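2 protein chains.
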Amino acid sequence: MSFFCFFDIMNKSQGRDSMKIKYNLLKTEKNTKARFGTIKTNYGTYETPMFMPVGTKATVKSLSKEELKAAHAGIILSNTYHLWLRPGPDVIAHCGGLHKFMSWDGPILTDSGGFQVFSLAKNKKKDITEEGVHFKSHIDGQNLFLTPEKSIEIQNKLDSDIAMSFDECPPASASYEYLKNSIERTIRWAKRGKAVHNNPNQALFGIVQGGAHEDLRKYSAEETVKLDFDGYSIGGVANDGESKEDMYKAIDYSIPYLPENKVRYLMGVGEPVDIIEGVIRGVDIFDCVLPTRIARHGQAFTRDGKINLNNAKYKEDLSPVEEGCDCYTCRNYSKAYIRHLITTGEMLGGRLLSIHNIRFLIKLTEELREAIKNDNILEYRKNFLERYEKK
Amino acid sequence: MSFFCFFDIMNKSQGRDSMKIKYNLLKTEKNTKARFGTIKTNYGTYETPMFMPVGTKATVKSLSKEELKAAHAGIILSNTYHLWLRPGPDVIAHCGGLHKFMSWDGPILTDSGGFQVFSLAKNKKKDITEEGVHFKSHIDGQNLFLTPEKSIEIQNKLDSDIAMSFDECPPASASYEYLKNSIERTIRWAKRGKAVHNNPNQALFGIVQGGAHEDLRKYSAEETVKLDFDGYSIGGVANDGESKEDMYKAIDYSIPYLPENKVRYLMGVGEPVDIIEGVIRGVDIFDCVLPTRIARHGQAFTRDGKINLNNAKYKEDLSPVEEGCDCYTCRNYSKAYIRHLITTGEMLGGRLLSIHNIRFLIKLTEELREAIKNDNILEYRKNFLERYEKK
């Protein structure tokens, strides 16, 4: 098997542009820290700010690659923890890496598995040691052990375009003292991961932690940047119970210490309002399961706030989910039909709303780019929020 | 609400060809009763023999209309019983009829609800009277009453292109005496339905019953044909426990009494072997939930028989579900990836296999048409079965 992995990765590096990602800052908005730029990847160049749809198990739930492209998706995200368990990194390497496995010819970012270890571990019991984390599989309860080296080794095999360092994701309730020790360990883990990283086509990002504490964020950012990663993410803002206020603080306290010429990634954030606030604070890329998860429950983003298609008032509503939306769903189907699909448990319902919700967030980032170019992002935020939060 | 119905149906009849379907027999195969022909519908002309995918609740499970068109689907089938319960015929009429409701610009056949009443009624308890059938909803147990008139009234509102007469669907175990009385009633029901049918764009088919009894089939066919329907279906072959032998007898005993210039429809049949046998016996159109149902359980039709993608042997299999298949799934994805989707419960798995399975059955009918044109359908059957049933 290891022969196949090596062989496939080598083959692949000849078939595509062999490079790590390159961020290019094109403009900073006049009144804020919002940035317009591009990320050059192995699979094309994409503008930022950008929203990355999440394909946990090598599939953005229910959608085809064509639907993702039609929604103007750029980078998509996949989860190392889930792919480690099923089908396993060796199977994916045998199939030529994650791109070939899932037939996606766009860029892919894989997370480190860290967040899932802390959020999905069976009964959330885990034993964190300096070496790594012992925990039980959420599928069958088997004992698992994930280390910084193991996480990177898996991601190397998955052959994603961007890998993430393995970090601890402490809950919002963690004490200052706990967070301080946790940051130190996460930095040591980042070093260990970087030391074993061994895929010439794959960028590696460091992760800044530190809760809502200014000094901890500064320390974490500075020490992580010293390790010279290809990009940086701000973690610990969407773990477990963080307030919006703490999220904005975490961004504000981290951004000043991150280099201008590297991508900044706010992990796990996908509420429209938070994307706008993140962009204004200098974040470039976002990911979240929200658009697909709420879709499966019948909810849709609209300019006038979130709506729930289960609501009886849509029973005979011939209008699209959102007037004027350019997505496939809104161009072809009525609320009445989608409500019927959702209330009768038909899969097409979640699929159609996923298409709309993903397109909604991507469209939002497209508009934010325009607002940055036009130096009117604060006005954009005001107008957006007035309408979105009206009801 | 009734104003809306009327208004929408009137509108629609101006927007499309206002006609009932027209069958055109082009060739009968030299050695068998197999027929090649066309059906002209309100939404285009299609060649027969034809397989009709089933969209029970106004959706062919998980698929988009574009995927159905890409699989070369012609007529699709939708279930009157399910749509009667949810969202209700008035909602669909308000939305401009079933085509507009589900955004399908191809022809639609609706069944009568008869089969569902007999197979889905809660606890399968039902009270059959001359007037109609009393039974309980499979969703919430509420008391329901379906009559021949009600079935046609619902189908008129749904505005499908082909409506079916309301019939009794007795089980295979029914006695000769029971069947005889049942046929008489079904003929009376057919008359009553025809008397109230009132949609100028909708064809109405009669249904031949009679189990595997030669005299009953003859009687049922002759009496039904006397009522002069736009097409005829052979029912009671896929209800509950019928053997293949009985199915073939039912066809053989019915076909001689059906007019040459009308479509012949074998209800609920979708096993490849049975489609071939049906075509050879003179059947034109087929429907079945099989291709989408087995897809959701990980099964796929191939030339070499049915395969189950849950099987561990496909874990690293880079080949498509079926070599040489022209469907979207086979052109884009490996067995290894689809197995991963199926075993991890990802919706895309069932969707991809549904696309393949529907295309498989449609491709089969395309090949049967060629075999009829070439007068070699018996050879085609021999070659198909040798390979399909080898393992």
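These protein sequence lines map, in sequence, to chains E and D.
FYI, in our numbering the residues of the first sequence are 1 to 391.
FYI, in our numbering the residues of the second sequence are 1 to 391.
Cβ coordinates follow ideal geometry from the N, Cα and C atoms, glycine included.
All values derive from a computational prediction rather than experimental measurement.
Grab me the residues of residue i's own chain with a C-beta within less than 7 Å of its C-beta, minus the 5 sequence neighbours each way, in chain order.
i	result
residue 235/D	167, 169, 207, 208, 209 and 267
residue 221/D	208, 254, 257 and 258
residue 149/D	192, 193 and 196
residue 26/E	36, 37 and 38
Name the chain E residues that come within less than 7 Å of residue i, Cβ to Cβ?
i	result
residue 168/D	Those within 7 Å of residue 168/D in chain E number zero; the least Cβ separation is about 27 Å.
residue 292/D	Per Cβ cutoff of 7 Å: no residues; residue 292/D is ~10 Å from chain E at best.
residue 341/D	59
Taking DSSP as the reference, what is the three-state secondary structure of residue i?
i	result
residue 221/E	helix
residue 297/D	coil
residue 349/D	helix
residue 230/E	coil
residue 163/E	strand
residue 47/D	strand
residue 169/E	coil
residue 317/E	coil
residue 237/E	coil
residue 333/E	coil
residue 54/D	strand
residue 181/D	helix
residue 383/E	helix
residue 278/D	helix
residue 21/E	coil
residue 208/E	strand
Under 9 Å between beta-carbons, which chain E residues line up against residue i? List them in chain order, please.
i	result
residue 47/D	Result: empty, since nearest Cβ-Cβ is about 27 Å, beyond 9 Å.
Taking the alpha-carbon of residue i as reference, which of the options has the nearest alpha-carbon?
i	options	result
residue 373/E	20/E, 146/E and 34/E	34/E
residue 442/D	41/D, 72/D and 264/D	Any question about residue 442/D goes unanswered here, given that chain D covers just 1 to 391.
residue 119/E	245/E, 202/E, 375/E and 241/E	241/E
residue 194/D	232/D, 152/D, 212/D and 178/D	152/D
residue 295/D	376/D, 177/D and 345/D	345/D
residue 274/E	139/E, 299/E, 75/E and 247/E	247/E
residue 341/E	357/E, 327/E, 298/E and 204/E	298/E
residue 156/E	114/E, 89/E and 146/E	89/E
residue 45/D	22/D, 264/D and 67/D	22/D
residue 137/E	179/E, 85/E and 180/E	85/E
residue 354/D	179/D, 291/D, 80/D and 64/D	291/D
residue 244/E	212/E, 60/E, 144/E and 148/E	212/E
residue 394/E	124/E, 121/E, 183/E and 99/E	Residue 394/E lies beyond the stretch modelled for chain E, which goes from 1 to 391, so this question has no answer here.
residue 61/E	347/D, 123/D and 314/D	347/D
residue 306/E	82/E, 388/E and 185/E	388/E
residue 332/D	105/E, 368/E, 29/E and 124/E	105/E
residue 324/E	285/E, 303/E, 315/E and 339/E	303/E
residue 132/D	182/D, 329/D and 339/D	182/D
residue 201/D	186/D, 174/D, 226/D and 162/D	162/D
residue 83/D	64/D, 154/D, 19/D and 49/D	154/D
For residue i, return the contacting residues in chain D, with the cut-off set at a CB-CB distance below 8 Å.
i	result
residue 359/E	Within chain D, no residue comes near residue 359/E; the closest Cβ sits about 15 Å away, beyond 8 Å.
residue 144/E	Going along chain D, no residue has its Cβ under 8 Å from residue 144/E, so there is no contact; the nearest lies around 17 Å.
residue 86/E	340, 343 and 344
Could you list which residues in chain D have their beta carbon closer than 7 Å to that of residue i, in chain order?
i	result
residue 332/E	103
residue 57/E	344 and 346
residue 297/E	Here the premise fails: no neighbours, minimum Cβ distance about 14 Å.
residue 356/E	The contacting residues do not exist; residue 356/E stays about 14 Å from chain D at best.
Counting only Cβ pairs nearer than 8 Å, list the residues of chain E close to residue i.
i	result
residue 316/D	91, 94 and 95
residue 337/D	58, 95, 101, 102 and 103
Note down, in chain order, each residue of its chain lying with its Cβ closer than 8 Å to the Cβ of residue i, except the 5 sequence neighbours on either side.
i	result
residue 77/D	52, 53, 54, 55, 108, 109, 110, 111 and 287
residue 238/E	247, 267, 268, 269 and 288
residue 1/D	Here residue 1/D scores only 32 on pLDDT, less than 50, and its place in the model is too uncertain to base an answer on.
residue 233/E	164, 205, 206, 207, 208, 264, 265, 266 and 267
Please work out which residues of its chain come closer than 6 Å, Cβ to Cβ, to residue i, disregarding the five sequence neighbours upstream and downstream, and give them in chain order.
i	result
residue 217/D	210, 253 and 254
residue 127/E	134
residue 301/D	357 and 360
residue 378/D	31
residue 276/D	381
I want to verify the contact list: residues of chain A whose CB lies under 9 Å from the CB of residue i, in sequence order.
i	result
residue 62/D	Annotation note: the requested chain A is absent from the structure, which comprises protein chains E and D.
Legend entry - Every unbroken beta strand (DSSP E) inside the region 70-156 of chain D [3 residues or more]: Runs of the beta strand (DSSP E) inside the region 70-156 of chain D: 76-78, 108-110, 126-128, 133-136 and 143-146.
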